[in-house]
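The first sequence begins at 1 in full-length UniProt numbering and counts up by one.
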Amino acid sequence: MVRTNSEQYWLFKSEPDCYSIDDLAQAPQQTARWDGVRNFQARNFLRDQVAAGDRVFFYHSRCKIIGIVGTAIVSRASYTDPQQFDPQSPYFDAKSSAEAPRWFCVDITLTKKFAQTVTLDQIKQIQALDEMVLRKQGRLSIQPVTQREWQTINQLAT
DNA sequence: GCCAACGTTGGC
DNA sequence: GCCAACGTTGGC
1 MVRTNSEQYW LFKSEPDCYS IDDLAQAPQQ TARWDGVRNF QARNFLRDQV
51 AAGDRVFFYH SRCKIIGIVG TAIVSRASYT DPQQFDPQSP YFDAKSSAEA
101 PRWFCVDITL TKKFAQTVTL DQIKQIQALD EMVLRKQGRL SIQPVTQREW
151 QTINQLAT
């Protein structure tokens, strides 16, 4: 994938028991570090593609109401995830070093919490969303979204 | 909480 | 560099 000048769209997954959109809403400046990503494909997106100004769907997984719960904007482009160097952290990685860091993070800022979740059930029923990465690669926690998918889901949310 | 799918690790 | 074993994700 080639980086273009225009903003790009992403979907970030989180288990709400771990970190929910309400946690983001209550964070200082409604901004949080999106860290702890420990999957190489997701890491590559974070490190190489996600840019400041890109738009993000906030997705709740492994919970009662699964789906997209709101939107955020990338407020800081990728930097090394400090938790990989902290032996106390669950995200510590002994194989990583300052010279060759393995893991990256970005900051996101809340832009909108949807009045109602756009549920996975809904997404599955809409033909325009058949090609979403979400539908094809269930386990990828950072994934690209097309402009058409972005618009379709935003329309559903209003 | 189960378990299928799939990513990662490590012995060979 | 293959692939079995293992660990994790995430919908149900």
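All C-beta atoms, glycine included, are put in the ideal place defined by N, C-alpha and C.
Quick one: measure Cβ to Cβ for residue i and residue j, integer angstroms, because I've assumed they're closer than 8 Å.
{"i": "residue 113", "j": "residue 53", "result": "The pair is not a contact, with the Cβ atoms about 20 Å apart (cut-off 8 Å)."}
{"i": "residue 65", "j": "residue 117", "result": "5 Å"}
If I measure Cβ to Cβ from residue i and keep anything under 8 Å in the same chain, skipping five residues before and after, which residues do I get?
{"i": "residue 92", "result": "83, 84, 85 and 86"}
{"i": "residue 17", "result": "62 and 63"}
{"i": "residue 129", "result": "123, 135, 149, 152 and 153"}
{"i": "residue 111", "result": "55, 70, 71, 72 and 73"}
Quick check on this structure: which residue in the options has the alpha carbon closest to the alpha carbon of residue i?
{"i": "residue 31", "options": "116, 58, 154 and 135", "result": "58"}
{"i": "residue 48", "options": "142, 157, 135 and 89", "result": "142"}
{"i": "residue 75", "options": "81, 121, 56 and 68", "result": "56"}
{"i": "residue 37", "options": "81, 130, 94 and 123", "result": "81"}
Which word fits residue i, buried or exposed, when buried means at least 16 other C-beta atoms lie within 10 angstroms of its C-beta?
{"i": "residue 149", "result": "buried"}
{"i": "residue 43", "result": "buried"}
{"i": "residue 35", "result": "buried"}
Cutting at 6 Å between CB atoms, please list the residues of its own chain near residue i, excluding the five before and the five after it.
{"i": "residue 8", "result": "54"}
{"i": "residue 51", "result": "77"}
{"i": "residue 96", "result": "84 and 102"}
{"i": "residue 13", "result": "59, 61 and 141"}
Between which residues of its own chain and residue i is the CB-CB distance below 7 Å, once the five residues before and five after are set aside?
{"i": "residue 106", "result": "34, 46, 50, 74, 76, 77 and 78"}
{"i": "residue 147", "result": "9"}
{"i": "residue 41", "result": "140"}
ask   = Taking the runs of the beta strand (DSSP E) that are 3 residues or longer, which of them lie wholly in the UniProt domain "EVE" (8-155)?
value = 9-14, 31-34, 55-60, 67-80, 104-119 and 142-145
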